[in-house]
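Numbering (numbering that gives the first Met the number 0), first residue to last: 0 to 429. All C-beta atoms in this analysis are idealised placements derived from N, C-alpha and C, irrespective of residue type, glycine included.
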Amino acid sequence: MYQSWVDASRIRHDNGGDIWAVDHAAHPLLDPAFGASRSRVLALTRQKYRRMLGDDETYRRELARLLQPGDEDQADLAVLTARAADYLDEADVYLASTIELLPAAARPHVLLLPEVADCDDVRGLIALSFRADQPRLAYEARRKLFLAQTLLQIDQSRHVQDGQQHMEHFEHLLNAGLWRHTSQVHDLDIGFHISDDGANIVYTARPGAQDRRWHFRSTFLQKSEAGRDVALDILYYSCRFKRSVTPVSFEIVDGRHQVLERIRWSEMRQQTSGSILSKMIRNGINNPDVIADMVGAMFIVHDNDALDDLLLLLDAAVGAPFGWRNVTDTLSPESGQDLNEFSSKQFKVFKGDVDILYPDPRGGPAYRFPVEIQIFTLEAYLRTVCGAHDASHLALKLRQFLYGLVPRIFPREIYGSAWLEGEAAATAGP
């Protein structure tokens, strides 16, 4: 595995809040207090679960509605329970892989109870979730049901099923409206190091012995647009479908500096559903179709003037006048914006969602799908690959994991907090 280094003293949670104060409204099955709730949803869930526990036919029909809709009368119970078991197995793999990313001393405190790990039957988990006399056993049964159900929802999402085609359509638009104006492609080596104040990146096209180096294969475009000639260097471009990339996470392995990049969920049948599942849990999303970065594109340009030129060319290429949504521009001196609670205040980017009109290949009416576009200036991007900088990608991933995901799937009310707080404090430094 690839190893790199990060200043772990900069990995901290700066929003001043309690990381354990989690709002479970979007995912009530992860709420430790779910069983004590007097909500109508809980009452309805209890009624349905009781019917499923007490009657094979009701159980079969409910599974068919989830897994084989439209054929409830013919669906075979053995086939349905086997398919459901596949998703329960996936949930176990996801959870085990997540635990492996924790510091070694913390892992034994949250290992899955054997009664839950050994149960791959929906009805068995339902019984545990309502009848177990141990709060942890009931919680872990509900959590396994939640993870399996959400993985099923991801598989059944149209934006997930068509994501690869959506990405190819977006790239087709760029090829027709942007890249065909390429006049030159050239290699560029940039040397860089963090400034003495730890806030900025010093970079040069003539790297010295003290510099780290980053290689770009730059594309030079020339196009007349909006009544003027635009000449633009795009240092880097990439486009990805969230489920088609290899999911990588980062673990501090010596307590302070060394970070190991690890493949996550490599044993999952649909391993890249894991990154979608984590984002849904972390951000309180309960519908995978609303994830705006299912297709994402990233550009790197030299400076803010080049960013303005790129926005002009992109608008002409993708055909989305007034189509930007959820724009965050931390590169603007006047913005005063932050991305989210896990991003460093020194992370600088222009970021927004563009809705792309897509002709339905099935012959239905055209519809729109979102693409999340991120544009970095050169200095802003180098911050993300400099492990000693607070805005580094490594530090972001560790903050998202330790402070975003972990408190939601290992809640304090069930597991306590000392097992993580000591480790996180050691990881985060003073």
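Here's the rule I'm using: 16 or more other beta-carbon atoms within 10 Å means buried, otherwise exposed. How should residue i be labelled?
| i | result |
| --- | --- |
| residue 253 | Residue placement at residue 253 cannot be trusted, given a pLDDT of 46 that sits under 50; what the coordinates show is reported in the next sentence. Classification for residue 253: exposed. |
| residue 159 | buried |
| residue 119 | buried |
| residue 43 | exposed |
| residue 399 | buried |
| residue 402 | buried |
| residue 89 | buried |
| residue 242 | buried |
| residue 38 | exposed |
| residue 113 | exposed |
| residue 194 | exposed |
| residue 360 | exposed |
| residue 143 | buried |
Going by beta carbon distance, what residues of the same chain come within less than 6 Å of residue i, once the five residues before and after it are set aside?
| i | result |
| --- | --- |
| residue 302 | 376 |
| residue 346 | 390 |
| residue 219 | 182, 183, 232 |
| residue 240 | 162, 163, 166, 294 |
| residue 371 | 291, 292, 295, 352 |
| residue 30 | 23 |
| residue 473 | The displayed coordinates of the chain run from 0 to 429. Any statement about residue 473 would go beyond what the structure contains. |
| residue 382 | 200, 388, 390 |
| residue 212 | 188, 190, 206 |
| residue 56 | none |
| residue 350 | 327, 373 |
| residue 279 | none |
| residue 85 | none |
Compute the distance between the beta-carbons of residue i and residue j, then report whether it is under 8 Å.
| i | j | result |
| --- | --- | --- |
| residue 79 | residue 64 | no |
| residue 33 | residue 141 | yes |
| residue 150 | residue 272 | yes |
| residue 430 | residue 354 | Residue coverage of the chain in this structure runs from 0 to 429, which leaves residue 430 outside it and unanswerable. |
| residue 407 | residue 281 | yes |
| residue 214 | residue 201 | no |
| residue 285 | residue 26 | yes |
| residue 235 | residue 189 | no |
| residue 76 | residue 147 | no |
| residue 137 | residue 127 | yes |
| residue 310 | residue 222 | no |
| residue 177 | residue 316 | yes |
| residue 82 | residue 94 | no |
| residue 374 | residue 135 | no |
| residue 356 | residue 415 | no |
| residue 418 | residue 105 | yes |
| residue 169 | residue 48 | no |
Can you list, in chain order, the residues of its chain with a C-beta nearer than 7 Å to that of residue i? Leave out the 5 residues immediately preceding and following it.
| i | result |
| --- | --- |
| residue 17 | none |
| residue 308 | 229, 231 |
| residue 153 | 159, 272, 275, 276, 287 |
| residue 379 | 330, 347, 348 |
| residue 358 | 365 |
| residue 145 | 26, 28, 29 |
| residue 216 | 184, 186 |
| residue 156 | 287, 288 |
| residue 180 | 220, 221, 222 |
By Cβ distance, which residues of its chain are closer than 8 Å to residue i, with the 5 residues on each side in sequence left out?
| i | result |
| --- | --- |
| residue 237 | 296, 297 |
| residue 110 | 98 |
| residue 441 | With the chain running from 0 to 429 in the structure shown, residue 441 is simply not present. |
| residue 70 | 63 |
| residue 283 | 22, 24, 25, 26 |
| residue 19 | 406, 410, 411, 416 |
| residue 224 | 311, 312, 315 |
Could you spell out where the beta strand (DSSP E) holding residue i opens and where it closes?
| i | result |
| --- | --- |
| residue 181 | 181-193 |
| residue 295 | 294-300 |
| residue 233 | 227-240 |
| residue 330 | Per DSSP, residue 330 belongs to no beta strand (DSSP E) and is neither H nor E. |
| residue 215 | 211-224 |
Could you tell me the boundaries of the alpha helix (DSSP H) in which residue i lies?
| i | result |
| --- | --- |
| residue 37 | First-last for residue 37: undefined, no H or E at that position. |
| residue 275 | 272-282 |
| residue 200 | Per DSSP, residue 200 belongs to no alpha helix (DSSP H); it is in the beta strand (DSSP E), 200-203. |
| residue 287 | From DSSP, residue 287 is part of no alpha helix (DSSP H); its letter is neither H nor E. |
| residue 413 | 411-414 |
| residue 55 | 55-66 |
| residue 408 | 405-408 |
| residue 316 | 303-317 |
Hey, is residue i close to the ligand SAH, as in C-beta under 7 Å from one of its heavy atoms?
| i | result |
| --- | --- |
| residue 151 | In the structure on display, the ligand SAH does not appear, and there are no ligands present to speak of. |
- In chain order, each beta strand (DSSP E) run of at least 3 residues that lies wholly inside the region 334-370: 349-357
- Task: Write down every uninterrupted run of the alpha helix (DSSP H) in the region 375-402 whose length is 4 residues or greater and which is fully enclosed by it, in chain order.
- Result: 377-384, 392-398
- Please list the segments of the alpha helix (DSSP H) lying wholly inside the region 87-154, counting only runs of 4 or more residues, in order along the chain. 113-116, 121-130, 134-154
- Ignoring anything shorter than 4 residues or poking outside the region 154-178, list the alpha helix (DSSP H) runs there in chain order. 157-160, 162-176
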